[in-house]
Amino acid sequence: MKRFSEACNRNQAPILAVLKEVLPDTGRVLEIGSGTGQHAAYFSRSLPDLAWQPSDLAEALPSIEAWREESGAPNLNPPMVIDLLGNNDTPSRVDAIVCINTAHIVAWTGVERLFSIAANILEPKGVLYFYGPYRYPDHALEPSNVAFDRWLKEQNSVSGIRDYAAVESLAESNGFILGGDRSMPSNNRSIWWVRQTAAQ
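Numbering (the numbering used here), first residue to last: 5 to 204.
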């Protein structure tokens, strides 16, 4: 029932250090693509003044719920289904959205919908945070990420490491401005944007 990811175990502390800088002190956070649920449990315990809402596909929810129950964090809500390729409910308003290692898994149409969701439910000045590997025009993809990109596409042809320029263009067209872009361990990036206009 409860799944474990060694990668989550390795990256949660470096990610938390960035989240402590970029997320509001209080408010509501929607995590899209919560995976095993490890991050939700870890972040909610470490950020007790934020109400943390995990989400993922239906098949992932039992593991997320198991981590939630084990954590005992009162600010960690039961997981909800959000399928970026489907039509389902989302919270009406949130102060931040966190999306870790999801943009390179879901189809590009899912990334587009993620930004659309963010534009509709984030409060003004709300933060949209992404973590994962990206392609940049000014330098070659690292060998480890070349291999990872090949593996992703072997699993599913719609997956793959995204071009940063394409993601940034999508952010801009949805009313976001870049808040920061930071190098992370294992050739990953922390990228966050800020919503510039009121939620619709």
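Beta carbons: idealized from backbone N, C-alpha and C, even for Gly.
{"Asked": "Rounded distance between the beta-carbons of residue 100 and residue 4, thought under 8 Å", "Found": "With the chain represented from 5 up to 204, any question about residue 4 goes unanswered, as that position is not in the structure."}
{"Asked": "Spatial neighbours of residue 179 in its chain, beta-carbon cut-off 7 Å, leaving aside the 5 residues before and after", "Found": "123, 199, 200 and 201"}
{"Asked": "Where residue 23 falls, given that 16 or more other Cβ within 10 Å makes a residue buried", "Found": "buried"}
{"Asked": "Own chain residues within Cβ distance below 6 Å of residue 204, not counting five before or after", "Found": "With a pLDDT of 45 at residue 204, under the threshold of 50, the predicted position of this residue should be treated as unreliable, though the coordinate-derived value follows. Contacts found: 124."}
{"Asked": "For residue 187 and residue 110, the rounded distance between their alpha carbons", "Found": "22 Å"}
{"Asked": "Distance CB(residue 56)-CB(residue 80) smaller than 7 Å", "Found": "yes"}
{"Asked": "Boundaries of the alpha helix (DSSP H) in which residue 187 is found, first to last residue", "Found": "First-last for residue 187: 180-188, but that is the beta strand (DSSP E), not the alpha helix (DSSP H)."}
{"Asked": "Close Cβ partners of residue 45 (< 6 Å) along its chain, the five nearest in sequence each way excluded", "Found": "71 and 75"}
{"Asked": "Which of helix, strand or coil DSSP assigns to residue 203", "Found": "In this prediction, residue 203 has a pLDDT of 45, which is less than 50 and means its spatial position is unreliable; what the coordinates show is noted afterwards. It is coil, neither helix nor strand."}
{"Asked": "Buried versus exposed, by CB contacts within 10 Å (16 or more), residue 150", "Found": "exposed"}
{"Asked": "Residues bridged to residue 35 (per DSSP)", "Found": "58 and 102"}
{"Asked": "Exposure of residue 161, with buried meaning 16 or more beta-carbon neighbours within 10 Å", "Found": "exposed"}
{"Asked": "Three-way DSSP call (helix, strand, coil) for residue 41 in this model", "Found": "coil"}
{"Asked": "Neighbour-count burial assignment, residue 146, 16 or more Cβ in a 10 Å radius", "Found": "exposed"}
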